[in-house]
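Read in numbering that gives the first Met the number 0, the sequence shown has 31 at position 32, and its numbers run on one by one without any break.
Have a look at the structure below, then the notes.
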Amino acid sequence: MGTDKITMLAFPLFKKRALSIPSIKAIAIADVHIGIEYDFSSTGANIPSQTEAMLKRCINICREKDAEKLIILGDVKHTIVPASSLKEDREYRDAIKREREEVKFFLDNLSEIAEILVVKGNHDGGLKSRKNLK
C-alpha cells in the first residue's frame, strides 16, 4: 500500500502574530481573548475595547495573503463562566453580555472575508457554531 503525503508548511508572520499556510490558503491566529478588557475593568483598569482593532488586523492579514480560511486556535473569548453564585453579580452579567456582542460582531464580520475555523480553547465554553464557522 502506498502512503499519500501532504506537505503543509506554515510561515510565521512575525510582526502580525499569525501564521500563513499557503497550501490551504489559510491564516492561523491564537488567543484572541475578546472581552478581556471587561475582566480588567473589574479590577479598576479602564481599557477600551480592542475588538475593532483585532478585526481590522485579521481582515488585513487575510487580504494581504489572499487567505480563504482563518483558523483561530483557541480562546476566541476571554471570560470563563464562574461558579453559579458569581453569576448573580450585575457587573459580571453586563460584562458577559458585552463580550457576547463583541464575539458575534468579530466573527460575523470575519466570516464575510474568510471561512472561520475555531479550535476551542479553555475560555471558549458556550461558543456556538454559526454560519461560516466550523
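Glycine residues also receive a C-beta, built at the ideal position from the N, C-alpha and C atoms.
Note that the structure is a prediction, hence the values are computed from the model and not measured.
Start-to-end residues for the beta strand (DSSP E) that takes in residue i
i, result
"F10", "F10 to L12"
Pair within 8 Å by beta-carbon distance, residue i and residue j
i, j, result
"A25", "A17", "no"
"H122", "D88", "no"
"S19", "K64", "yes"
"K119", "E98", "no"
"G152", "I79", "Because the chain is modelled from 0 through 133, residue 152 falls outside the range shown and cannot be assessed."
"S41", "E90", "yes"
Contact test: residue i Cβ vs the ligand GDP heavy atom, cutoff 7 Å
i, result
"R16", "Annotation note on the ligand GDP: not contained in the displayed structure, which lists no ligands."
Residue(s) in a DSSP beta bridge with residue i
i, result
"K68", "A25 and E114"
"A17", "L12"
"K119", "DSSP, once it has assigned bridges, lists no residue as partnering K119."
Cβ distance (whole Å) where residue i is taken to contact residue j below 8 Å
i, j, result
"Q49", "E36", "7 Å"
"L69", "A29", "11 Å between Cβ atoms; not a contact."
"L126", "V117", "7 Å"
"E101", "G34", "6 Å"
"I60", "K15", "5 Å"
Span of the alpha helix (DSSP H), counted from its first residue to its last, around residue i
i, result
"K103", "R89 to L109"
"D38", "I35 to S40"
"N59", "T50 to E63"
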